[in-house]
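**Q** Right, I'll just put the structure down here and ask away after.
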């Protein structure tokens, strides 16, 4: 009897783990990934999705099974067993969530580090870097530069130098300025494979820069110049969405980021550069 | 029984009959029902506002109400549902009704303060709703009222909103002080703390959170109102203020607020499950420690709402870990509830259906919650419909389901009549299907690029939004069987008797409805509120 119970529990647990892993690996809930940290993000998502499925399915099956198995037969007015607790069992189900949570925490810390999140962007060197990259920022960046996901994630296969772009967020638009080429644009154009550093400022209220396909979001906070770095990996056009309630037209505050192959990006620079238009 | 002597107040001067529900009654049972009915009216108002939101979102363009109105509606929806429905009902409503019974007292510790706490709510609610009509424009900056947006939207509406929330926060603090005093100081002689029904512990923990964190919100909103009225610069970056400081202060209250909404529900479920499963509550002691662990951890996790606000890396790490660890005491509670059911004799009535659905919904919301606690995960889905789905699974799938379950469980005690089971099951079925249809698709929408608080969206998201809106419609319809049930039962419901469930907790050891001062004779000493399977049946 004891052995049969043990075997049943083991089989159920194995089936549950396999179900969770299958679901996590085969059910796609995410849009395509187009930045270097999208793949890292997606692997974290798979792990969380697998564990979540195991726990949820397991608990629901246990609950539904109990409700059927231990339902009250009509006419039965007696009580169930007078079990008030079981210390070993309680230790087990304190330990299981603790271990799961610890694992998830350590794993997501690792993911976060690989994304470059632990790079302190508000330290002195980053501030100098931001100030050098953009002299106009120097006046407003009185003390701190606030950062989101860090400059160079370890996974970032970026080549060449960093491309700085100034982002101004206002009700209800994003404006992009390329300081090196002196281009101002309503859309963000970036080359695939090169690290881009956004220097973001909000004119009025809090906005947020979000590209779902990049798995990146950063609030743009008035009074606090913010740096956000990413490396796009996949050519195409993706939405830029404002993700912080910013007023009546918040839902309409959208733009696009166009990721070019490097040659196409050079062509775009050529076409839009104000110098080239005046000379021709 | 030394702190209060309610017989001085509850004598012949108080109105009798139905009029007492409109009076400044000092009877904790009257006040409890006042909270419940008042809260339910605001639930219907908040639900109608949700109906406006889901109607607008049934199509991808902004075509139902103006964009300004839409922002007013979403602000009012959140504020009404949190401050006028869930918090007052699970704390003030069931708390006032049940806690004096559970500690063996004849009333709350401070009956007058109790009545004042309730009577702050209707004016605050009317003030909030009326700001839409009198002030020209109601608050438009969400229930979070982040500056600088809340400084630039129409000032009158925002100030009325602040005033209303301050009144409601005051009411909440009065209630919290009263519960702490009642549980700790008004216990019947001979009744030990570790013999109290679990809901007492839940309310003690919740009240500690209320008393510690609500004053912080009040102070923050007063500073915000200075910024609006007197043009000070606490949170105005143009005047050297800092908007992130506001977010820290706001979430220092508003994350614990989640536990203020959820812990009492945990307590109520802990009362309902043992009665209908005919088994003792499993692991009483660990349940008590879990509540207190959640209270402690709940106070140190607020910045997980600000992972994209430019918080420094060490802070992100600390709040990820603290938040994740709340899953441990919460997990203990859920496993203990499952163990309570295991081996019982379960009657799957309406009260149980809602309570068990609560377990399913809350586990789902808890799992997405642990995912959201992870900074890298959160950075993608923060401020999206994923979060909207997540917190509705917690506060609606969790707390509101428990409120309905509790209504079926305690209605016989409130009125002396049983609610109709068939209508109850219909109510459950519509609510459960509607709820999941409404909020499950929102997780996918958030992951794939739909931000929250928008009146228009990418047409690619139309189908799932329409499914979500159909779910909302079902939820609206689901209130009809409940209302019909309550009206029909009041006319010719089955008479319940003192103890229709054969329950052991003290509120069932008196008549239904109970007399003023709860028991005609001495308050009973109940030291084993969950002693099922070991005592003789309590025969009605």
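Chains as they are written, first to last, in our numbering: chain A, 1 to 280; chain B, 281 to 820. Built from N, CA and C at the ideal position, the CB exists for glycine as well.
Tell me which same chain residues have a C-beta within less than 7 angstroms of the C-beta of residue 508(B), skipping the five on either side of it?
**A** Result list for residue 508(B): 431, 435, 438, 439, in chain order.
**Q** Are the segment 780-793 of chain B and the segment 737-751 of chain B in contact at 8 angstroms, needing three or more beta carbon pairs?
**A** No: the two stretches stay apart, fewer than three of their Cβ pairs being nearer than 8 angstroms.
**Q** In chain order, which continuous runs of the beta strand (DSSP E) of length 3 or greater are located wholly inside the segment 469-529 of chain B?
**A** For the segment 469-529 of chain B, not a single whole beta strand (DSSP E) run of length 3 or above is found.
**Q** Kindly list, in the order they appear in chain A, the residues whose Cβ is closer than 7 angstroms to that of residue 647(B).
**A** By Cβ distance, chain A contributes 52, 55, 56.
**Q** Please state the DSSP three-state secondary structure of residue 216(A).
**A** In this structure, residue 216(A) counts as strand in the three-state DSSP scheme.
**Q** For the alpha helix (DSSP H) that contains residue 210(A), what are its first and last residues?
**A** Counting along the chain, residue 210(A) falls outside any alpha helix (DSSP H), though it belongs to the beta strand (DSSP E) covering 207-211.
**Q** Would residue 400(B) and residue 464(B) qualify as a contact pair, given that the criterion is a beta-carbon distance under 8 angstroms?
**A** The answer is no: Cβ separation not under 8 angstroms.
**Q** So is residue 564(B) in contact with chain A if we call contact Cβ pairs under 8 angstroms?
**A** Yes, its Cβ sits closer than 8 angstroms to a Cβ of chain A.
**Q** Does the beta-carbon of residue 722(B) have 16 or more other beta-carbons within 10 angstroms, so that it is buried, or is it exposed?
**A** Classification of residue 722(B): buried, given that the 10 Å Cβ count is 16 or more.
**Q** Quick one: what does DSSP say residue 260(A) is sitting in, helix, strand or coil?
**A** Residue 260(A): strand per DSSP, three-state reduction.
**Q** Considering Cα atoms alone, identify which of 258(A), 58(A), 244(A) is closest to residue 252(A).
**A** For the residues 258(A), 58(A), 244(A), the minimum Cα distance to residue 252(A) belongs to 244(A).
**Q** Tell me whether the beta-carbon of residue 233(A) lies closer than 8 angstroms to the beta-carbon of residue 36(A).
**A** Taking 8 angstroms as the Cβ cut-off, residue 233(A) and residue 36(A) qualify as a contacting pair.
**Q** I need the straight-line Cα distance from residue 549(B) to residue 330(B), nearest angstrom please.
**A** Using only the alpha carbons, I get a separation of about 26 angstroms.
**Q** Check whether the Cβ atoms of residue 651(B) and residue 48(A) sit closer than 8 angstroms, and answer yes or no.
**A** Yes; because the gap between Cβ atoms is below 8 angstroms, this pair is in contact.
**Q** For residue 246(A), which three-state DSSP category applies?
**A** Note: residue 246(A) maps to coil in three-state DSSP.
**Q** Quick one: give me the first and last residue of the beta strand (DSSP E) that residue 170(A) is part of.
**A** Where residue 170(A) is concerned, the enclosing beta strand (DSSP E) stretches over 163-170.
**Q** I need the DSSP call for residue 324(B), collapsed to helix, strand or coil.
**A** Helix, per DSSP.
**Q** Do the CB positions of residue 557(B) and residue 647(B) come within less than 8 angstroms of each other?
**A** Not closer than 8 angstroms, so no.
**Q** At the 8 angstroms Cβ level, is residue 467(B) part of the contact set with chain A, yes or no?
**A** Output row for residue 467(B): interface = no.
**Q** Can you tell me which of 610(B), 428(B), 795(B), 749(B) puts its alpha carbon nearest to the alpha carbon of residue 573(B)?
**A** Nearest C-alpha to residue 573(B): 610(B).
**Q** Note down, in chain order, all residues in the segment 638-668 of chain B with a beta-carbon under 7 angstroms from any beta-carbon belonging to chain A.
**A** Taking 7 angstroms as the Cβ-Cβ cut-off against chain A, the residues of the segment 638-668 of chain B that qualify are 639, 640, 643, 644, 647, 650, 651, 654, 655, 656, 657, 659, 660, 662, 663, 664.
**Q** How would you label residue 298(B), buried or exposed, when you count the other beta carbons within 10 angstroms and need 16 or more for buried?
**A** Result: exposed.
**Q** Between residue 367(B) and residue 516(B), what straight-line distance do the alpha-carbon atoms span, to the nearest angstrom?
**A** Cα to Cα, residue 367(B) sits roughly 30 angstroms from residue 516(B).
**Q** Run through DSSP, which three-state label would residue 723(B) get?
**A** Reduced to three states, the DSSP call for residue 723(B) is helix.
**Q** What span of residues does the alpha helix (DSSP H) with residue 395(B) cover, start to end?
**A** Element bounds for residue 395(B): 391-399.
**Q** Of the choices 450(B), 350(B), 677(B), whose alpha-carbon is the least far from that of residue 645(B)?
**A** Measuring from the Cα of residue 645(B), the nearest candidate turns out to be 677(B).
**Q** Over what stretch of residues does the alpha helix (DSSP H) that includes residue 382(B) continue unbroken?
**A** Residues 374-383.
**Q** When you compare only the Cα positions, how much space is there between residue 313(B) and residue 373(B)?
**A** About 6 angstroms.
**Q** Looking only at its own chain, which residues have a Cβ that is under 6 angstroms from the Cβ of residue 547(B), when we skip the five neighbours before and after it?
**A** Taken in chain order, the residues that qualify are 478, 479, 482.
**Q** Return the residue from the list 169(A), 113(A), 31(A) that minimises the CA-CA distance to residue 205(A).
**A** When each option's Cα is compared against that of residue 205(A), the closest is 169(A).
**Q** Quick check: is the beta carbon of residue 105(A) nearer than 8 angstroms to any beta carbon in chain B?
**A** Yes - at least one Cβ of chain B is within 8 angstroms of the one on residue 105(A).
**Q** For residue 739(B), which three-state DSSP category applies?
**A** Here residue 739(B) sits in helix by DSSP.
**Q** By the 10 Å Cβ neighbour count, where 16 or more other Cβ atoms means buried, how is residue 567(B) classified, buried or exposed?
**A** Buried, because 16 or more other Cβ atoms sit within 10 Å of the Cβ of residue 567(B).
**Q** Is residue 418(B) buried or exposed, if buried means 16 or more other CB atoms sit within 10 Å of its CB?
**A** Buried.
**Q** Of the choices 101(A), 274(A), 221(A), 186(A), whose alpha-carbon is the least far from that of residue 258(A)?
**A** It is 186(A) whose Cα lies nearest to the Cα of residue 258(A).
**Q** Quick check on DSSP: helix, strand or coil for residue 71(A)?
**A** In this structure, residue 71(A) counts as strand in the three-state DSSP scheme.
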